[in-house]
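Enquirer: So the sequences go chain by chain: F and L. Using this note's numbering, you'd call the opening residue of the first sequence number 1 and step up by one each time. Using this note's numbering, you'd call the opening residue of the second sequence number 1001 and step up by one each time. Each residue gets a CB set at the ideal place from its N, CA and C atoms; glycine is no exception.
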Amino acid sequence: MSRLRAIALIAALFSGLLQAAELKVAVGVQDPAQVSMQGNLVPSGTPGADLVALNDELAREVCRRINARCAFFYVPFAEILPGVEERRFDLGFGNFLRAPEREKRVAFSDPVWRSSSRLIGTPDSARAFADKLGQPVTLGNLRGGRVATLEGSRQQAFLDDIAGRRELTVLATPTPAEALDRLRDNRADFALLAIRTGYALIRSDKAQRFVFVGPAVADHGLGDTSHIVLPKKRNTLRRSVNRAIAEIRGDGTFNRITHRHFPLTLD
Amino acid sequence: MPTPNIQQRPSAGRTFAILAGVFALLFGAVVALLAITQHHVLDAAERLQRETVPEIIRYQRLARNLDQLNHEGERLFSSLSAEDRQQALFLVMLVASHPSILEHPQAAAMARDTENYLVETNQLAARDPSLLRSRYPEWQRISQRLHLLVDDISVQGANLATADLDDMANAMRAARVKLLGALTLVGGFILLLIVLLRQHLIRPLQRIDRALSSLDVDQPAPEFPRASLAEIHAVEEAAGRLHKAMVSNEAARRELELLANRDGLTGLINRRHFMANAEAEIRRSQRYGRPIVVALGDLDSFKRLNDTYGHGAGDVVLRTFAGLLTDSVRQSDLVCRYGGEEFAFLFPESTIDQAHILVERFRQRFAEHDIRLPDGLLVRVTISIGLADASHCPLEIALQRADFALYEAKRLGRNRVIVAADPD
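Below, the structure written as structure tokens:
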């Protein structure tokens, strides 16, 4: 009888451990000040804090739904994908667009958001380049400029691809806020960012120095659905996360979380 | 024994196997058609679930985003501060940049026009806020177009489901028809099976049952209508053969019975059969108080006749005697060869006097009858007879008394009839 009790106790403990599996969750930051704030609240007032808080709360809700104990790591975007690939992180929240080269490295959840990319600049730089080009600046006609973008992003991949032909100087920064710092310091003419990231940053710029330049672009891998990334061959975890996303959408939690940090749902 | 001709008729097993095979083929075909329709329905449902519903949701979100665009544009015009107008414009640009709008050409063009108009308005308002009023009518036209586009897209989204649902409804209607067809087929087959079973199996079996139940040697052989199944035909033929065998057995039995009860030389019944029948007859007469008489007769000097003319002559005499006797007694009287040249008689419904008259008449007739022997000689033979009333005593006693009377007839000179004295 005592042996049976011991087995039951071990089984209960083991199942409890399984149910409350510990996951390491990486959340992409928008500003260097938000890095390494493990377990702490996102410092309000820092650039893009709302977007980080939104991803953070969504990540916590997913952890709760999959019954996992999560440790959160706030890291630059460029560290998330390698970290997930090397299994240092179990989940990566950074609004990742799907791309063939990424598919080889990590697995993707079901879609969370939809995203496009857009140039950001100052009105002065937009006017100057429009004069130089003889037409309003767009991503399609931009030539001979310095473009800041997020390191490791699809936007950087795109710019690297066209940089030679367009005589562009690509300036990759660890965080989106630093890309805007380049604009602010006149070390870059434009920044190419995901639209939501760009919106989060320029609306929080008190001086209102930045504007969107040209139309948004969703082709060339610069827009589509964005996802949570997780290590390959973690199919059980991926199914759990997908189920959690569906539940969060289905019961209205997704919209409630989004509206706490963002004026629009835009999924 | 004739061989049943089963080759010319189909066997029940093969017939029903063919029927079952045909049914299985037809039913399988209908089930296959149903399965195709079901597959069609499942396909349509899956398409609805996997493609159409997400597409409808996409349209709904697009309509919502365009609505949001309209809303933020309206907010730009109603904002009192430049900062609020800028925030509204940021949101307009954010919404206009959404992939759901970019991938829909009409929505993308509308969003681009809206964004351009609002950017221009914001720039003008930054210099002179009063210009907002003059630009508002144009915004209302843009807003109206946005509203119409939202409505169109909402309807387009809802219409997406119509084709799939129509497809599903058509498939379901087809499935209903096929299901009815399958049910009709099953019902028809069961009906056909019942009719065939009744016509070719149950009714023939009932006929065979009736024929076997009334099968009798005194009845004609059973006759059956032409059976269509080999097995039924074989059983019917077997019933006919059984009847023939019964008739044949009955004839043999009667012949054997005759042989067992008759004397081979004279053709009269033998002593065993006589005793059995006489016992029964005496009991019946005594039960109903009717008169009955027994007699024993013995040919006179028969041994000397045998010794003189041979056994062949004796046999002729015995046969002649039996023939005359058979002609002389009534149908109801029993006469048997009791042993050697001795004969026993039983006269039911006769008093001792009536029997005496009958026996006396026969004695005289026999005594005057010329018997031609095998060698052509004519001889006459006499008989002595003892009579006894058996109306009140058992057969053995009556025969004993008749025997005493016969002895008395012999003693008194033969060729006479002596009635046994009344035992009282």
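1. Using the three-state DSSP reduction, which class does Q19/F fall into: helix, strand or coil?
2. Please look up how many angstroms separate the CB atoms of L1149/L and L1066/L, rounded, as I've assumed it's under 8 Å.
3. Distance, Cα to Cα, A1227/L vs R1241/L?
4. Taking 6 Å as the limit between beta carbons, can you name the residues of its chain near N141/F, skipping five residues before and five after?
5. Answer with buried or exposed for W113/F, where buried requires no fewer than 16 other C-beta atoms within 10 angstroms of its C-beta.
6. Note the first and the last residue of the continuous alpha helix (DSSP H) segment covering R239/F.
7. Is N272/F near S125/F, with beta carbons less than 8 Å apart?
8. Answer yes or no: do P76/F and S204/F have a C-beta to C-beta separation smaller than 8 Å?
9. Give the residues of chain L in contact with R203/F, contact being defined as C-beta atoms less than 7 Å apart.
10. Any C-beta of chain F sitting closer than 8 Å to the C-beta of Q1068/L?
11. Does any CB atom of chain F fall closer than 8 Å to the CB of L1102/L?
12. Exposed or buried, what is D1298/L when buried is set at 16 or more other beta-carbons lying within 10 Å of its beta-carbon?
13. Return the CA-CA distance between L1387/L and F1321/L, expressed in angstroms with no decimal places.
14. Residues of chain L with CB under 7 Å from F212/F, in chain order?
15. Quick one: what's got a C-beta closer than 8 Å to I1194/L's C-beta in the same chain, skipping five residues either side?
16. So if DSSP puts L24/F in a beta bridge, which residue, or which two residues, is it bridged to?
17. Since I195/F meets chain L, which of its residues come closer than 7 Å, beta carbon to beta carbon?
18. For the 8 Å Cβ check, are there 3 or more pairs between the stretch 180 to 188 of chain F and the stretch 242 to 250 of chain F?
19. Classify G1340/L as helix, strand or coil using the three-state DSSP reduction.
20. Give me the Cα-Cα distance between A177/F and L201/F, rounded to the nearest whole angstrom.
21. Taking 8 Å as the threshold (beta carbon to beta carbon), is R1127/L in contact with chain F?
22. Can you check which of these residues, F158/F, A244/F, L171/F, F93/F, is closest to A218/F by C-alpha distance?
23. Under 8 Å, Cβ to Cβ, is there at least one residue of chain F near R1061/L?
24. How long is the line joining the alpha carbons of V1092/L and L264/F, rounded to whole angstroms?
25. If you measure between the beta carbons of I1034/L and A1175/L, is that distance less than 8 Å?
26. Under DSSP, the beta strand (DSSP E) around R114/F begins and ends at which residues?
27. Name the residues in the stretch 216 to 249 of chain F whose C-beta lies less than 9 Å from a C-beta of chain L; which are they?
28. Among residues of its own chain, excluding the 5 on either side of V1031/L, which ones have a beta-carbon nearer than 8 Å to its beta-carbon?
29. Which two residues bound the contiguous beta strand (DSSP E) that contains H227/F?
30. Does DSSP classify I162/F as helix, strand or coil?
31. Starting from F1016/L and walking both ways along the beta strand (DSSP E), at which residues does that stretch end?
32. Please report how far the alpha carbon of R1203/L lies from the alpha carbon of L1192/L, in whole angstroms.
33. Under 8 Å between C-beta atoms, does Q208/F make it to chain L?
34. Helix, strand or coil for L1215/L? Go by DSSP, reduced to three states.
35. Apply the 10 Å Cβ neighbour rule to R118/F and answer buried if 16 or more other Cβ atoms are within range, or exposed otherwise.
36. Helix, strand or coil for V106/F? Go by DSSP, reduced to three states.
Expert: Reading it off the structure:
1. Since pLDDT at Q19/F reaches only 47, below the 50 mark, its modelled position is unreliable, and no value is offered.
2. About 6 Å; that satisfies the 8 Å criterion.
3. Roughly 16 Å separates the two Cα atoms.
4. Within the same chain, and ignoring the five residues on either side of N141/F in sequence, the residues whose Cβ sits closer than 6 Å to its Cβ are L133.
5. That one is buried.
6. Where R239/F is concerned, the enclosing alpha helix (DSSP H) stretches over 235 to 250.
7. Lying before the first or after the last residue shown, residue 272/F is absent from chain F, which here runs from 1 to 267.
8. No, the pair does not count as a contact, with Cβ atoms beyond the cut-off.
9. Correct list: Q1087, F1090.
10. Among the residues facing chain F, Q1068/L is included, as its CB has a counterpart in that chain under 8 Å away.
11. Closer than 8 Å to some Cβ of chain F, the Cβ of L1102/L qualifies, so yes.
12. The C-beta of D1298/L has 16 or more other C-beta atoms within 10 Å across all chains shown, which makes the residue buried.
13. Their backbone Cα atoms lie some 18 Å apart in a straight line.
14. In chain order: M1093.
15. Excluding its 5 nearest sequence neighbours in each direction, I1194/L has no C-beta neighbour in its own chain below 8 Å.
16. The question names Leu, yet the displayed sequence has Lys at residue 24/F. Beta-bridge pairing links K24/F to A71/F.
17. Here the neighbours are L1094, S1097.
18. No, the stretch 180 to 188 of chain F is not in contact with the stretch 242 to 250 of chain F.
19. Residue state, collapsed to three classes: coil.
20. Approximately 7 Å between the Cα atoms of the pair.
21. Look at R1127/L: its C-beta is not under 8 Å from any C-beta on chain F.
22. Here the closest residue by C-alpha is F158/F.
23. So yes, R1061/L belongs to the interface.
24. So the two alpha carbons sit approximately 11 Å from each other.
25. The sequence given here has Leu at residue 1034/L, not Ile. Yes, Cβ-Cβ distance for L1034/L and A1175/L is below 8 Å.
26. Where R114/F is concerned, the enclosing beta strand (DSSP E) stretches over 113 to 115.
27. Those would be A216, V217, A218, D219, G223, D224, T225, in chain order.
28. The beta carbon of V1031/L sits closer than 8 Å to those of A1182, all from its chain and outside the five residues before and after it, given in chain order.
29. Run containing H227/F: 224 to 230, per the beta strand (DSSP E) assignment.
30. In the three-state reduction of the DSSP assignment, I162/F falls in the helix class, which pools H, G and I.
31. For F1016/L, there is no enclosing beta strand (DSSP E); the enclosing alpha helix (DSSP H) has its first and last residue at 1012 to 1047.
32. Rounded to the nearest whole angstrom, the CA to CA distance from R1203/L to L1192/L is 15 Å.
33. Q208/F has a beta carbon lying within less than 8 Å of a beta carbon in chain L.
34. Residue state, collapsed to three classes: coil.
35. Its Cβ being crowded by 16 or more others within 10 Å, R118/F is buried.
36. In the structure shown, V106/F sits in coil (DSSP, three-state: anything other than H, G, I, E or B).
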